[in-house]
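This report refers to the structure that appears directly beneath it.
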Amino acid sequence: MLEAYQVEHNSQNIYYRSIVGAAEAGSRLRLGIRIRTYETIQQVLVRLWQDQTGERLIPLETRDTQGEQKFYTAWFNLPDYGCLVWYYFVITTESGTYFYGNNAEMLGGVGALSMEAPSSYQITIYNKGAHTPDWFKNAVMYQIFPDRFARSGDTIVKKKGAVIRTDWTDDPMYLKDPDTKEIIAYDFFGGNLRGVMEKLDYLKDLGISCIYFNPVFESESNHHYDTGDYHKIDPVLGDIEDFRALVTAAEQRGIRIILDGVFSHTGSNSIYFNRQHQYRSIGAYQSKESPYYSWYHFRNYPNEYDCWWDFDTLPNVNETDPAYMDFVITGKDSVLHHWMNEGIAGWRLDVIDELPPTFSKTFFAELKKRDPDAVMIGEVWEDASNKVAYGTPREYLSGNEMDSAMNYPLRTIMFDFLTGASDGHQTARRLASQIENYPKENLYAMMNLIGSHDVQRAITVLAGVPYYEGMPAIEQSRVRMTDEQFDLGMRRLLMATLWQMTYPGVPSVYYGDEIGMQGFKDPFNRRPYDWEHGNKEIRSWFERFIAIRNENDALRTGEILPLYGAGDVIAYARTIRSGYDVFNQEKEDGVFIAAFNRNLTETLTIEIDVSDFACGTFEDAFKPSRTYEVERGRLRIKIPPLFGLLLRERKEPRRYERKAGVLLHPTSLPSKYGVGDFGKEAYRFLDFLAEAGQKVWQVLPLSPVGYGYSPYQSISAFAGNIMMIDLEELAARGWLTEKDLFLPYEANTAFIDFERVKQFKKDVLEKAFRAFRKTSAKDKDYKEFCEKEAYWLDDYALFHAGKKAYARTAWTDWPDPVKYRAPDALRELAAQQADEIELDRFKQYIFHLQWNRLHDYARKKGIEILGDMPIFVAQDSADAWAHQHLFDLNEDGTPRTVAGVPPDYFAANGQLWGNPQYNWDAMKAENYAWWKRRFRKLHEQVDILRIDHFRAFEAYWSIDGKAETAINGRWLKGPGKPFFDEIERELGELDIVAEDLGIITSEVERLRDDCGFPGMKIVHFMLEPNESGRVGFVTPENSIVYTGTHDNNTTVGWYTRDIDEVLRETLANMTGTTSDRPKTICKRLIKAAYASHARMAIIPMQDLLALDERARMNTPGTVGINWRWSLKKDYLLELDPKKLKALCVRYHR
110 MLEAYQVEHN
120 SQNIYYRSIV
130 GAAEAGSRLR
140 LGIRIRTYET
150 IQQVLVRLWQ
160 DQTGERLIPL
170 ETRDTQGEQK
180 FYTAWFNLPD
190 YGCLVWYYFV
200 ITTESGTYFY
210 GNNAEMLGGV
220 GALSMEAPSS
230 YQITIYNKGA
240 HTPDWFKNAV
250 MYQIFPDRFA
260 RSGDTIVKKK
270 GAVIRTDWTD
280 DPMYLKDPDT
290 KEIIAYDFFG
300 GNLRGVMEKL
310 DYLKDLGISC
320 IYFNPVFESE
330 SNHHYDTGDY
340 HKIDPVLGDI
350 EDFRALVTAA
360 EQRGIRIILD
370 GVFSHTGSNS
380 IYFNRQHQYR
390 SIGAYQSKES
400 PYYSWYHFRN
410 YPNEYDCWWD
420 FDTLPNVNET
430 DPAYMDFVIT
440 GKDSVLHHWM
450 NEGIAGWRLD
460 VIDELPPTFS
470 KTFFAELKKR
480 DPDAVMIGEV
490 WEDASNKVAY
500 GTPREYLSGN
510 EMDSAMNYPL
520 RTIMFDFLTG
530 ASDGHQTARR
540 LASQIENYPK
550 ENLYAMMNLI
560 GSHDVQRAIT
570 VLAGVPYYEG
580 MPAIEQSRVR
590 MTDEQFDLGM
600 RRLLMATLWQ
610 MTYPGVPSVY
620 YGDEIGMQGF
630 KDPFNRRPYD
640 WEHGNKEIRS
650 WFERFIAIRN
660 ENDALRTGEI
670 LPLYGAGDVI
680 AYARTIRSGY
690 DVFNQEKEDG
700 VFIAAFNRNL
710 TETLTIEIDV
720 SDFACGTFED
730 AFKPSRTYEV
740 ERGRLRIKIP
750 PLFGLLLRER
760 KEPRRYERKA
770 GVLLHPTSLP
780 SKYGVGDFGK
790 EAYRFLDFLA
800 EAGQKVWQVL
810 PLSPVGYGYS
820 PYQSISAFAG
830 NIMMIDLEEL
840 AARGWLTEKD
850 LFLPYEANTA
860 FIDFERVKQF
870 KKDVLEKAFR
880 AFRKTSAKDK
890 DYKEFCEKEA
900 YWLDDYALFH
910 AGKKAYARTA
920 WTDWPDPVKY
930 RAPDALRELA
940 AQQADEIELD
950 RFKQYIFHLQ
960 WNRLHDYARK
970 KGIEILGDMP
980 IFVAQDSADA
990 WAHQHLFDLN
1000 EDGTPRTVAG
1010 VPPDYFAANG
1020 QLWGNPQYNW
1030 DAMKAENYAW
1040 WKRRFRKLHE
1050 QVDILRIDHF
1060 RAFEAYWSID
1070 GKAETAINGR
1080 WLKGPGKPFF
1090 DEIERELGEL
1100 DIVAEDLGII
1110 TSEVERLRDD
1120 CGFPGMKIVH
1130 FMLEPNESGR
1140 VGFVTPENSI
1150 VYTGTHDNNT
1160 TVGWYTRDID
1170 EVLRETLANM
1180 TGTTSDRPKT
1190 ICKRLIKAAY
1200 ASHARMAIIP
1210 MQDLLALDER
1220 ARMNTPGTVG
1230 INWRWSLKKD
1240 YLLELDPKKL
1250 KALCVRYHR
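Read left to right, the sequence shown gives residues 110 to 1258 (the numbering used here).
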């Protein structure tokens, strides 16, 4: 029998659902479920349900045939229009049929196993191209109850049945019949549009960019929800000229205006119903011949009719009546068009649940046809994605009915947490549920309110002031908070407001909340604004909270990352990385963390994983002197009691010039001579780099290749790889003929045939040498080169001579006098092999001559060469033979210990490189003279030095020289900081890059940082889910970012071959595309690398061309076709230098 713990599906985890959250219509979706059991599973189905269409059953399949755990998946296409799809799983085993569906709270995420049909998971599907107004997503809203905000002048406007308040500070009240309790008169305080206009500067200073007005149309009541004339401003508020002046003045201050549309009912005292005969029109109440008669439903004409919540002053309308829809929506001077013509920015639709979908969808369509940038907000009190209103499932967020809803659910979540009704864990689940159900376009446009005209004042609720249903109005009016209650309410209110201002959606401030106005329900939540005694401290914090939102894109349209939810604490991050927000709009980068501690007395400390989005230093957004350091991807935060903390990643001044470059070894350049060289193609490549805005050309080691043709197994730390010599230049000097340049075999343009090209170049260079030798005695440059480089060149040439003399055997097998470098033996060998020695000098002379000329050309183009220094040399090398005392060798010259690395990403058994370890004590005794010569030599050849396997200078993996794998090594301390201090003392400050990949400890990082060297950040390695399941990467400024290196697969190959389906889906979501587009993902990861903070972004040429795994340069731990990849001759036709340069310009590289 299956138990609950044996089955799992999590709708908020991409492992189980390829699109987490709402999905675009027509998308393809994968669902998965994990089952752990040895019991025979006969069938697994996913049951889909869609209103109007019904049920679909789709079988799931598994590739797991062994073991207890099996993962079942199915792909299917979603409907091609906005709607809701519901699903659960049906599992049939030998013990029975089981169901797996949503949890009891219907919050999504991890579900529950049951023996009967369960609650379903929800998939919100939105129409293709559904879009909410960008201006609105970036706005801060202010809700005004017009009669109570501000009064201009003392003129009393005549209004039948109205009670005019002359004292602005009076408490509001309803005048009711003592017997029937019906309202017989409304009190008016005289707030008006001119008063609002006079306070526009106040609103602008507060940071407001949008005003939402409760109804302003002529009506009998003070709240104006009983419309009398939809085309007229209520005279107590002003007239049309006042309204136009207000719209104009607001627009000048960057403030837009939204009106409240009440279309489910009218007032009984209206042009349209006219029960009191106040209007000259023939209303529906007066005659069945009235043009408005069809708008209403009479049960017994004229006194019995459908009313809104049985208020006979609010007769319901038949919203789908053609005449009514024409009047409100589609007519030339419809209510919608009339007020849009007056310059409003959108509508809030009152009680949209009570409007038929036909009406609300038609209204939305007409509004968008009129102005796609106009906004429509619906009054919805529950989850707007799945509301069932009066038995009708509503699909408000499918892209065709509203942009936004009043986010009462978020208010409830926040208040429940702040007042202790719900803990951090449950709060995080409820927040995640809304994020899952709401499409991003809607989530970021939600009207996030903490107060409104329909709920108690926020500070009153948050202070916990006692209230009970049925509490008499007179008792409500007399309640005022104690100082202790006000302090508690204020602190919670500020937490709620900070939350509101840092969360996705449009924050809405209900007038007076920003000064701590208190009050229970209507009418005490509608008191006149207290302009004289409002709390200035609260207002000051509101201004600061709003300002920081307005000033930072990340707090408006940045990604939302849940970070922590437990006990008394909730925390999340808002981020924009790579210069693009969640809507792929160009925005300023920024990282914020909001954390809230609701505990009344205790400071609480949390530790959060920020490795996927932040590094460096965070500062308190409102007290920058208070800082928090990220240490190895983690951040510890102390949060005082009853406090909301907003941290901002500090933007340090740039210390380095930002650069971009390309990784391409010269051997991979196209060539008709079998291998890339320093000829025309190299200069052509430099021209391309310059045109593409690149500033760096990174090459692999230029030294002679060793075993497997690896440049990291070199026979010399100083010599150059003569296979890269340009033969055409030798022909131009007259040393070769055109016939000599003919390649005696057909070169494969995709791969280098090193065996053949090595022999070809050997033969041709020997012929060129013979021609050169005739004049070499007169070649002054050649003599100077040999003299200058003698410190390594003589040993190198002699080493080659020994190779020839002793049948290419290793130096450890040479006769002892030569092996141990007896002077007489070396002189004899040199005399015997004088020609061979001179040939090697010639080859190195030509190599250096051509490379230096190419390097000079690069400098003229403004391009630096980033060279590579392998930390080790080959055992069978000129260096190990010439300086045996500097290596850890046995008496016979074989290595006592060798280099490598323990098991890692690249190799399960580690990597056994076989290079002899250094005798660091001997090195130190000579003051690191050999290393100084090595650094000086490479610095002459390149501009920037990459030190391969930098970590070995702190500690190195030492393996017994006879070992067959690298598993059983041990860590030994390297020379550390004193080594680099000595190099700098001798040579000055060099531009060095530390290759700090593999097993990196804090000690290695400290050495790198103490030296000031940038490290390397590899996108492939960083895009692994962290402990929180999030995927992303972040780089410090003093680092070099790569999509991959010569040791990695290409990015396309890595994406298609090396990572699992879940990570592919994750990266597709992260980069805003689909998982079947690896080349697009490659391009977007390149863009992300360029956008990163790293001072330098280096992209392998294979990734610029979006090549697959066949173009991989090297697979560590293997021997085969490594190092052989070569570009096709026409490769530049596939690259657009202008686009690459545009990336450099965009990201200041």
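The C-beta atom is built at its ideal place from N, Cα and C for all residues, glycine as well.
If you look at I1092, you'll find it in the alpha helix (DSSP H) that goes G1085 to L1096. Under the three-state reduction of DSSP, Y388 is assigned to coil, being neither helix nor strand. In the displayed model, I568 falls within a helix according to three-state DSSP.
Inside the segment 328-381, DSSP marks whole beta strand (DSSP E) runs of 3 or more residues at positions 336-342 and 365-370, from first to last along the chain. Here S823 has P810, S812, P813, V814, G815, P979, V982, A983 and S986 as same chain residues with Cβ atoms under 8 Å from its own Cβ, once five neighbours each way along the sequence are excluded.
Only buried fits E510, as 16 or more other CB atoms lie within 10 angstroms of its CB. Annotated as proximal: E329 and G376, with beta-carbon spacing under 8 Å.
Annotation: the continuous beta strand (DSSP E) that includes D718 extends over L713 to D718. A direct Cα-to-Cα measurement between W277 and V345 gives close to 15 Å.
Cβ neighbours of L1116 within its own chain (closer than 7 Å, five residues either side excluded): F1062, E1063, G1085 and K1086. In the three-state DSSP reduction, D421 falls in the strand class (E or B).
Beta-bridge partners of W1066 (DSSP): W1080. Setting aside the 5 residues that flank it on each side, D997 is surrounded in the same chain by P1004, R1005, T1006, P1025, Q1026, Y1027 and N1028, each with a C-beta closer than 7 Å to its C-beta; the list follows chain order. Excluding the 5 residues flanking it on each side, L845 has same chain C-beta neighbours closer than 7 Å at L836, L839, V873, K876 and A877, in chain order. Minimum Cα-Cα distance from I317 among the listed residues I367, N708, T776 and R879 corresponds to I367.
For F705, the uninterrupted beta strand (DSSP E) segment begins and ends at G699 to N706. Per DSSP, C724 is not a residue of any alpha helix (DSSP H), being assigned neither H nor E.
Relative to P518, the option among K1188, I834 and L216 whose CA is nearest is L216.
Taken in chain order, the complete beta strand (DSSP E) segments of 3 residues or longer contained in the segment 1170-1251 are 1205-1209. At a Cβ-Cβ threshold of 8 Å, E1091 and N1036 count as neighbours. Rounded to the nearest whole angstrom, the C-alpha separation of T884 and Q953 is 17 Å.
If the five residues before and after E945 are omitted, its C-beta is found closer than 7 Å to the C-beta atoms of H909, A910 and K913, all from its own chain and listed in chain order. In terms of CA proximity to H240, E133 leads the group E133, Q231, G440 and D314. Between N516 and L476, the C-beta gap is not smaller than 8 Å, which leaves the two residues out of contact.
Bounds of the alpha helix (DSSP H) holding Q535 are G533 to N546. A Cβ-Cβ separation of about 6 Å places T1159 in contact with E1218 under the 8 Å criterion. By the Cβ criterion, the segment 794-811 is not in contact with the segment 1156-1174, since fewer than three pairs of Cβ atoms, one from each stretch, lie closer than 8 Å.
Bounds of any alpha helix (DSSP H) do not take in V814, whose DSSP letter is neither H nor E.
G614 counts as buried, since at least 16 other C-beta atoms from the protein chains shown sit within 10 angstroms of its C-beta.
Under the DSSP definition of a beta bridge, A294 partners with L284. With respect to the C-alpha of G560, the residue from E668, S542 and L602 having the closest C-alpha is L602. By the beta-carbon neighbour count (other beta carbons within 10 angstroms, threshold 16), G843 is exposed. Residue pairing of D977 in beta bridges, as defined by DSSP: R1055. E133 sits in a strand when the DSSP states are folded into three classes. Contact annotation: G976 and V808 have beta-carbon atoms nearer than 8 Å. Residue pairing for Q1050: DSSP places it in no beta bridge.
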